[in-house]
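The structure appears right after this line, and notes come after that.
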């Protein structure tokens, strides 16, 4: 008697036990750790230097260079945080 092939439900995640994917999974984990560490360093640097930044740059008369500094500084922080959120693992568990 032949076994019928089981077709997974369309909402189910397909899990592969293929050893060829293990290096890809490992590099993905390493990459996410690097993103988390570097984003933490960027935010930590911002927290440590914000008081000086406010005193020396933001509270002074604004010029073109001040605007450029603020754009580069805060766009970099924003990109770092977005990159961190993008690299977080997403759970597909549907709790009912």
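Numbering (this note's numbering), first residue to last: -12 to 83. The C-beta atom is built at its ideal place from N, Cα and C for all residues, glycine as well.
Practice prompt. Please say whether residue 26 and residue 71 have beta carbons closer to each other than 9 Å?
Written response: Your numbering for residue 71 matches position 84 in the chain shown. Your numbering for residue 26 matches position 39 in the chain shown. Yes, Cβ-Cβ distance for residue 71 and residue 26 is below 9 Å.
Problem - Reduced DSSP secondary structure (H/G/I, E/B, other) of residue 46 - result: For the purposes of this step, residue 46 is identified with residue 59 of the chain shown, where counting begins at 1. In this structure, residue 46 counts as coil in the three-state DSSP scheme.
May I have the straight-line CA-CA distance separating residue 69 from residue 75, to the nearest angstrom? In the chain shown, residue 69 corresponds to position 82, counting from 1. In the chain shown, residue 75 corresponds to position 88, counting from 1. Per the coordinates, the alpha-carbon of residue 69 lies some 10 Å from the alpha-carbon of residue 75.
Could you give the residue range of the alpha helix (DSSP H) that holds residue 32?
-> By one-based count along the chain shown, residue 32 stands at place 45. Taken as a continuous stretch (DSSP letters only), the alpha helix (DSSP H) holding residue 32 covers 9 to 40.
Legend entry - Residue span of the alpha helix (DSSP H) that contains residue 55, given as start and end: Along the chain shown, one-based indexing puts residue 55 at 68. From DSSP, the alpha helix (DSSP H) with residue 55 extends over 51 to 74.
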